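J.:
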Amino acid sequence: RPNLNLVIPAFLNNFFIANLHGKWLKNRIAVGARANGALQVNNDDLMKVSVPLPTGSQSLSEQKKIADCLSSLDDLLTLEVQKLNVLKKYKKGLLQQLFPRTGESLPRMRFPEFLSRGAWFPKSIGNSCQTFSGGTPSSTNKTYYGGEIPFIRSAEIQKYKTELYLTKKGLENSTAKMVKKGDVLVALYGANSGDVSLSKINGAINQAILCLRHESNNAFLYQYLIHKKEWIITTFLQGGQGNLSGEIIKSIKIFFPQPVEQQKIADFLLVLDDKIDAQTKKIDIIRKHKKGLMQQLFPVVSEMTT
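Once you know that position 131 of the sequence shown is 200 in my numbering, the rest is easy, because the numbers rise by one and skip nothing.
1. What number of angstroms, rounded off, separates the C-alpha of D343 from the C-alpha of E131?
2. Just mark M363 as buried or exposed, buried being the case when its beta carbon has 16 or more other beta carbons within 10 Å.
3. Taking DSSP as the reference, what is the three-state secondary structure of P191?
4. Apart from the five residues just before and just after S268, which ones in its own chain have a Cβ nearer than 6 Å to its Cβ?
5. Grab the span of the beta strand (DSSP E) containing V255 for me, first residue to last.
6. Would you call R177 buried or exposed, if buried means 16 or more other Cβ atoms sit within 10 Å of its Cβ?
7. Measuring alpha carbon to alpha carbon, tell me which residue in P78, G195, Q199, K161 is nearest L139.
8. Assign M363 to one of three DSSP states: helix, strand, or coil.
9. When we look at the beta-carbon of H296 and count the other beta-carbons within 10 Å, is it buried (16 or more) or exposed?
10. Any idea if L338 is buried or exposed, counting beta-carbon neighbours within 10 angstroms, 16 or more meaning buried?
11. Please confirm if the stretch 255-274 is in contact with the stretch 194-210, defined as three or more CB-CB distances below 8 Å between the two stretches.
12. Locate the alpha helix (DSSP H) running through K161, then write down its first and last residues.
13. Output the residue ranges of the beta strand (DSSP E) runs that lie fully inside the stretch 212-264 and measure 3 residues or longer, sorted by chain position.
14. From what residue to what residue does the beta strand (DSSP E) around T209 run?
15. Hey, how far is the Cα of G187 from the Cα of C280?
16. With DSSP run on the structure shown, which of helix, strand or coil describes A277?
17. Tell me whether K350 is buried or exposed, calling it buried when 16 or more other Cβ atoms sit within 10 Å of its Cβ.
18. Return the bridge partner residues of F305 from the DSSP annotation.
19. Compute the distance between the beta-carbons of S320 and L257, then report whether it is under 8 Å.
20. What are the boundary residues of the beta strand (DSSP E) that includes K322?
21. To the nearest angstrom, how far is the alpha carbon of Y159 from that of G239?
22. Say whether the stretch 213-231 touches the stretch 164-182, bearing in mind that this needs 3 or more beta-carbon pairs closer than 8 Å, one atom from each stretch.
23. Identify the continuous beta strand (DSSP E) that holds F201 and give its terminal residues.
24. For G386, which three-state DSSP category applies?
25. Can you list, in chain order, the residues of its chain with a C-beta nearer than 8 Å to that of V150? Leave out the 5 residues immediately preceding and following it.
26. Go ahead and label P328 buried or exposed: buried means 16 or more other beta carbons lie within 10 angstroms of its beta carbon, across all protein chains shown.
27. Suppose the cutoff is 6 Å on Cβ atoms and the five residues either side in sequence are ignored; what does the same chain contact list for N261 look like?
28. Please report how far the alpha carbon of Q127 lies from the alpha carbon of Q365, in whole angstroms.
Quick look at the structure:
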């Protein structure tokens, strides 16, 4: 329990959240652990670790100002995250209205100009899309990596940059396949099974990704698969366990309206996606601002004294 005559709890909390003490604190804990002959530190030893505080008669006042400043940013972050969650919830509700529910062939809501257009028609993904997966170049051949071709793996289907890049030689001597910006990508394996995205970049994919190129509208298909994601996971992944396959995805039957209605739905949802992306970026900016501010408000390791 902190001594309230020396330290303000909110200041101490933000200091440890900043994690600028990480290496500094670890070294002191390691010394204590070795001295005791065990890989652990008891509470008494931990309580002896020094924590740098503002000095002088205004110490508590300075701590409070720092804590209040960071608290205001936390309040702002909470508000902006709430706004983001509202947008996501609103979109989820729209998807349930704009696309047919399981066992139904028409959506609950249509744009007025399409009310007289009649029923949507069923078609499997395999019969309405060009589909393919990729492969992985040999990791032991260093000439296959370090080039300029982004190598998209299943955890990266929503990203603008990838961790690995292939050379032209790596692409040509493997089963990796090129996808285009705007292609629909479905993660088949691992923790990301069932994730779907419109590719943000041109790049190569491995065997854990299925690429879909719809005959008329990739963006419509993408939104439809977002709508059906929970059903896909429940039906084919036993609640998130296991893998998908290209054959499973291709066998899924969905309902399509005429191309003009597909485009109308895709455009409408794209506007909402743009708002969600903008709100997400706003939150990231605030978080980065807070991180930078904490680095300025708290001493770096070299400035800490024991």
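The C-beta atom is built at its ideal place from N, Cα and C for all residues, glycine as well. Quick caveat: nothing in here was measured; it's all calculated off a predicted structure.
T.: This is what the structure holds:
1. Each residue's alpha carbon lies about 41 Å from the other.
2. The residue in question, M363, is buried, as its Cβ has 16 or more Cβ neighbours within 10 Å.
3. Looking at P191 - three-state DSSP - the assignment turns out to be strand.
4. Non-local C-beta neighbours of S268 in its own chain, meaning closer than 6 Å and more than five positions away in sequence, comprise V248, K250, D252, L254, ordered along the chain.
5. Unbroken beta strand (DSSP E) run through V255: 253-256.
6. Taking every protein chain shown into account, the CB of R177 has fewer than 16 other CB atoms within 10 angstroms, so this residue is exposed.
7. Checking every option, the nearest Cα to that of L139 belongs to P78.
8. Looking at M363 - three-state DSSP - the assignment turns out to be helix.
9. H296 counts as buried, since at least 16 other C-beta atoms from the protein chains shown sit within 10 angstroms of its C-beta.
10. A residue is called buried once 16 or more other Cβ atoms fall within 10 Å of its Cβ, and L338 is buried on that count.
11. Yes, the stretch 255-274 is in contact with the stretch 194-210.
12. Where K161 is concerned, the enclosing alpha helix (DSSP H) stretches over 128-167.
13. Within the stretch 212-264, the complete beta strand (DSSP E) runs of at least 3 residues are 214-221, 233-235, 246-248, 253-256.
14. Here T209 belongs to no beta strand (DSSP E), and DSSP marks it neither H nor E.
15. Near 30 Å, if we compare the C-alpha coordinates of C280 and G187.
16. Of the three classes helix, strand and coil, the one that applies to A277 here is coil, per DSSP.
17. Counting Cβ neighbours within 10 Å, K350 comes out exposed, since fewer than 16 surround it.
18. F305 is not bridged to any residue.
19. No, the Cβ-Cβ distance between S320 and L257 is not below 8 Å.
20. K322: member of the beta strand (DSSP E) spanning 322-325, first to last residue.
21. Each residue's alpha carbon lies about 44 Å from the other.
22. With a cut-off of 8 Å, the stretch 164-182 and the stretch 213-231 do not count as touching, because too few Cβ pairs lie within range.
23. Its beta strand (DSSP E) spans residues 198-202.
24. No answer is possible for residue 386: it lies beyond the span of the chain, which begins at 70 and ends at 375.
25. Same-chain partners within the cutoff: I352.
26. It is exposed - the Cβ of P328 has fewer than 16 other Cβ atoms within 10 Å.
27. S223, A224, listed in sequence order.
28. So the two alpha carbons sit approximately 19 Å from each other.
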